[in-house]
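Position one of the sequence shown corresponds to residue 54 (this note's numbering), numbered consecutively onward. Right, one structure below, let's go through it.
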Amino acid sequence: RAIPTRTIPISDSSQLPHDYCTTPGGTLFSTTPGGTRIIYDRKFLLDRRNSPLAQTPPRRLPDIPGVTSPSTAEEEPKVETNNLN
């Protein structure tokens, strides 16, 4: 018996769930508490990649130079002295 499917267009990226899974091919899917699998269309996702929300960086990230903020060229590596030898 085939699993019934239906396509429901999503008009806004806020309708995507907070937790989802991906397949090796890059398809996104999620499930509802009732077990219904939701598959997100590639065209929809590609249309949303240039949206203002997608271009906005996440909030409240820690400051990690070179990762979440530009690294400064003035920083020199710290050399720790081992006084045990």
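Glycine residues also receive a C-beta, built at the ideal position from the N, C-alpha and C atoms. This structure is a prediction, so every number in the text was calculated from the model and none was measured.
Membership of L99 in the alpha helix (DSSP H) is indicated by the continuous run 95-101. With respect to D116, S122 sits close: the two C-beta atoms are nearer than 8 Å.
The C-alpha of R59 lies about 41 Å from the C-alpha of V120. Under the DSSP assignment, L81 falls in the beta strand (DSSP E) whose first and last residues are 81-84. Secondary structure of S67 (DSSP, three-state): helix. For the set G88, G87, Y73, the Cα lying nearest the Cα of L81 is the one of Y73.
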